[in-house]
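Protein chains in written order, with full-length UniProt numbering: chain A, 1 to 567; chain B, 1 to 567.
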């Protein structure tokens, strides 16, 4: 079942949720004319459908492999990457002064969604690369930008993010890689990094690694960390002392090489610092916030693909007559109530997650254009978009597999691949638990709570015209007040259920807005209304029940000691 | 992390939920003396830990393979099977008159749980075989029983169930395999079956296939189906015309050969009928009901294993200091509130599902011993145990993967295998959607609703002493009344959310009972109380929100036409 880019849906959400016209009214995003937006959505859709999507299943089977010559990508990936670069798809949101098109991030997100739906493993490569562009564009010197950005922007080169080490996962501050200043101002880098996505591959001539390391005598924890440009090949063309020793054997995203990277084993790995010593986490966080939204988007991507496949299967698989129907002829299973419930749930969750992620992404553009409050709103929404978006990706992929019945458990149908691929997204770029902790420790207090209060007020206003939201809006507001006065342990114990409630409430508000805007004829609008109603009438009422977990507090979790967990 | 059989927990649930002492008081189950029960729980646990568990990860890697000599199981499986047979583990619940030990099914279920935790793929072989024993013991002639049962009971031979054909999955009545009566009273079998678990393998000398087929001129649908014994080797030792042409490439349970089976391609496949023509579904259903409980049990098995692995990881993985703690030293992640929340949720769900499945299994024994009402209760509980038990298996395996963070996505830790293996259980032995349909179409009306009413009354009584249950008990009772008067479409549209509510309410009742019984010192009872409280205080309150989906009805699902699902 071929992937079809959901252009009408993306356009609808960009118009009615992201407010793309408002964003394009800013001088900075003048390039985003209606014609350009339409051309990009259609063109990117066709590219994803025609070039990336056909490589998804074979890419999963072949996987990326490590050979004596380095990491080899699956057949067809090199040609597809060349087409991607030549099509200019890598440069959409990059700043015009560095050769990019300067388009809004939220529009680039729609394109990234297509790539992820078509081929999640492949789409990680440009996603990480875009993060490196972002970091260099914001924090690099003019010289560094001139040296590295042009080819990173086009996609002739790619970039990576190097944070994790065996003992430093969620706790980035525990990393031990070192960077020692050389007489010429550059640094000698030494250390091992793990879980480096697209850390080595054969798509391009050069890979620009952004590596976090610690300078001698630096402070403990994250304050002592600096960020370095460590190219595979230096500006003079000499190979750097950096290599990939192994690829991980993963549950999914097999075509994406997840590398163990060694820097400076021969004592000859050279890097340049970005910003000053000790400023690495700040620079990395500018990459990570955008990356977190992009990972939330992966949940949308995989949910969209899984839904399309399930609809396709349910329309073609004939099995059993409708219960109670006059005809005893078997029907396509989409006709059976519980299958239809699963499909509508998939549609509703996917649309809700897309609305939330685009809404968050649009705040990044509004902030860049100087709109007041947008930066804080983006910061508040980012953990919701990342965690809930990726949870939804897993749930929808699992429902999709279930719709397929026995065929879903067989790898040939693809449903199982979506299920496997989706499962990484709640883990990387900060586990969803880390997102929840971020929400309750840093984000609720933004602008002394005003950012949250404004969002809650908008949810309450939406509830006034969409009654099913009312109970949830009240529960979330009450729990937010409770969290405000709670101990750090209680806040953390409550963090995940509270995040889910707030995310569902926000998505519910956005679905209510879409329902209001979805007046008119035709199958797209009919399905939009049905999905919005399903979300409001059936999914929103599931969330208030999480409130019991918020107020239950941390103490019961510690009523048993660690050892009793083995009993 | 080695598997450790949860003997104390199993013993507790057998005592306080299954009422094993009451069951053993029946003459029929006199063999189940306290000493015997203890010896079996301990011995089976040791066997599962020592023999089946070490083969789990290597079995997943090697998988079952089809060679020119037939299906080859992974290294070590043949020896492990021999040890299993020699230990007498296959014959626990088989009738004494056929060489079995005549022990209660619920005790055999505890053993089956261990085998499934240790090695889910392997455990399918005895599980299916036990079903064949059940069908032959109940419906076979004395001659058939003498010919096939002795070696099936010991495990020297194994049995299979052959229902599914490419066009006949959930709709068994659509099957087309044929059986034509021969002059000697036997039948010539012809047809292709798919998804046949352990349909061919190298563990034993003979495999006894139980095959559903249609006799010439038989009625359409399920009424025209008969059941046949089709041994790989006939009683005279001659090979039957039956072979496996392919194995499926599955998401998980790789060590379990899932076969495409061809019967009678040479026109020489001979079978014997079990019961009369047209009585096949009745015989198959006696196998299937027990098989459905055993599949619900697989959810418990995989949840137990995933929980143990996650606890192990969380106690050994050191990462980050406790937020707000005086010490800045990193701690084992089990110390972090959200990780602890996940682990306790895993414990609570696993214990809740175990209680529900054992409770249902104990009704089978009570029914066999002639207790009034037990048969109907077993029938009502079976779809709950199968569907909710397997949903819990998937949720807990997913949480377990999440606790592992990035390491969980790497196949080496095993967490990913549990996640993959768990996902088959909501599909086979009747998808969970089929279970939900069975609940609302056949089971709610058992004894004119009296079976359900008695269960609801017990839940309400438990709610009186466990207040968090009260809201759910009311919601379930209200929804049950609504369903009673609802159209078939409305009932089916409501079926899945209603099944989940009723299952959580029933498990909640059983957790409340366990909480009352869990007085005393020591880590086991402390964890039992904590898990019961977590279930009642945090999981039960999630369920009433599903009520909105019950009463929302089917009409909104059909407000959009089939084609709009592609829009």
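Every residue gets a Cβ at the ideal spot worked out from N, C-alpha and C, and that includes glycine. The structure presented is a predicted model; accordingly, all values stated were derived computationally and were not measured.
Close beta carbons around residue i, own chain, < 7 Å, minus the five adjacent residues each side
i, result
"residue 359 of chain A", "17, 18, 381 and 510"
Exposure of residue i, with buried meaning 16 or more beta-carbon neighbours within 10 Å
i, result
"residue 200 of chain B", "buried"
"residue 75 of chain A", "exposed"
"residue 561 of chain B", "exposed"
"residue 266 of chain A", "exposed"
"residue 277 of chain B", "buried"
"residue 361 of chain A", "buried"
"residue 547 of chain A", "buried"
"residue 245 of chain A", "exposed"
"residue 516 of chain A", "exposed"
"residue 237 of chain B", "exposed"
"residue 324 of chain B", "exposed"
"residue 542 of chain B", "buried"
"residue 307 of chain B", "buried"
Through-space distance from residue j to residue i, alpha-carbon basis
i, j, result
"residue 421 of chain A", "residue 531 of chain A", "25 Å"
"residue 135 of chain B", "residue 379 of chain B", "17 Å"
"residue 208 of chain A", "residue 146 of chain A", "14 Å"
"residue 7 of chain A", "residue 61 of chain A", "29 Å"
"residue 397 of chain B", "residue 63 of chain B", "21 Å"
"residue 202 of chain A", "residue 78 of chain A", "7 Å"
"residue 212 of chain A", "residue 225 of chain A", "6 Å"
"residue 459 of chain A", "residue 533 of chain A", "16 Å"
"residue 95 of chain A", "residue 130 of chain A", "11 Å"
"residue 82 of chain A", "residue 72 of chain B", "44 Å"
"residue 248 of chain B", "residue 528 of chain A", "38 Å"
"residue 5 of chain B", "residue 114 of chain B", "6 Å"
"residue 445 of chain B", "residue 485 of chain B", "11 Å"
"residue 598 of chain B", "residue 392 of chain B", "The structure shown has nothing for residue 598 of chain B, since chain B only spans 1 to 567."
"residue 558 of chain A", "residue 491 of chain A", "14 Å"
"residue 233 of chain B", "residue 139 of chain B", "21 Å"
"residue 370 of chain A", "residue 443 of chain A", "20 Å"
"residue 405 of chain B", "residue 317 of chain B", "10 Å"
"residue 254 of chain B", "residue 59 of chain B", "7 Å"
"residue 503 of chain B", "residue 431 of chain B", "16 Å"
"residue 365 of chain B", "residue 326 of chain A", "40 Å"
"residue 465 of chain B", "residue 356 of chain A", "42 Å"
"residue 288 of chain A", "residue 137 of chain A", "14 Å"
"residue 417 of chain B", "residue 121 of chain B", "11 Å"
"residue 182 of chain A", "residue 368 of chain A", "36 Å"
Supposed contact pair residue j and residue i - C-beta distance, whole angstroms, cut 8 Å
i, j, result
"residue 383 of chain A", "residue 438 of chain A", "5 Å"
"residue 386 of chain A", "residue 293 of chain A", "7 Å"
"residue 270 of chain A", "residue 186 of chain A", "5 Å"
"residue 93 of chain B", "residue 100 of chain B", "7 Å"
"residue 389 of chain B", "residue 299 of chain B", "4 Å"
"residue 27 of chain A", "residue 85 of chain A", "Not confirmed; about 29 Å, so no contact."
"residue 297 of chain B", "residue 116 of chain B", "7 Å"
Same chain, Cβ closer than 6 Å to residue i, neighbours up to 5 away in sequence not counted
i, result
"residue 344 of chain A", "534"
"residue 260 of chain B", "194, 245 and 246"
Chain-order list of residues whose beta-carbon lies under 8 Å from that of residue i (same chain, five-residue window excluded)
i, result
"residue 335 of chain A", "322"
"residue 479 of chain B", "494, 498, 501, 547, 550 and 551"
Taking Cβ-Cβ distances below 7 Å as the criterion, which residues of the region 246 to 258 of chain B are in contact with chain A? 248, 249, 250 and 251
According to a CB-to-CB cut-off of less than 7 Å, which residues of the region 467 to 501 of chain B neighbour chain A? Residues 488, 489, 492, 493, 495 and 496.
Taking only beta carbons into account, state which residues of the region 48 to 68 of chain A come closer than 7 Å to chain B, listed in chain order. none
Could you list the residues in the region 543 to 556 of chain A with a C-beta less than 9 Å from some C-beta on chain B, going in chain order? Result list: 543, 544, 545, 546, 547, 548, 549, 552, 554 and 556.
Chain B contacts made by the region 308 to 321 of chain A, where a contact means CB separation under 7 Å: Legend: CB atoms of the region 308 to 321 of chain A lying less than 7 Å from CB atoms of chain B belong to residues 311, 315, 319 and 320.
Against chain B, which members of the region 142 to 167 of chain A pass a CB distance test of less than 9 Å? Hits within the stretch, in order: 164 and 167.
Under 9 Å, CB to CB, which of the residues in the region 73 to 91 of chain B have a partner in chain A? none
Proximal residues, the region 389 to 403 of chain B versus chain A, C-beta separation under 8 Å: Within the region 389 to 403 of chain B, the qualifying residues are 394, 398, 401 and 402.
Positions along the region 424 to 451 of chain A whose CB lies within less than 8 Å of some CB in chain B: The region 424 to 451 of chain A vs chain B, Cβ under 8 Å: 424, 426, 427, 428, 431, 432, 433, 436, 437 and 441.
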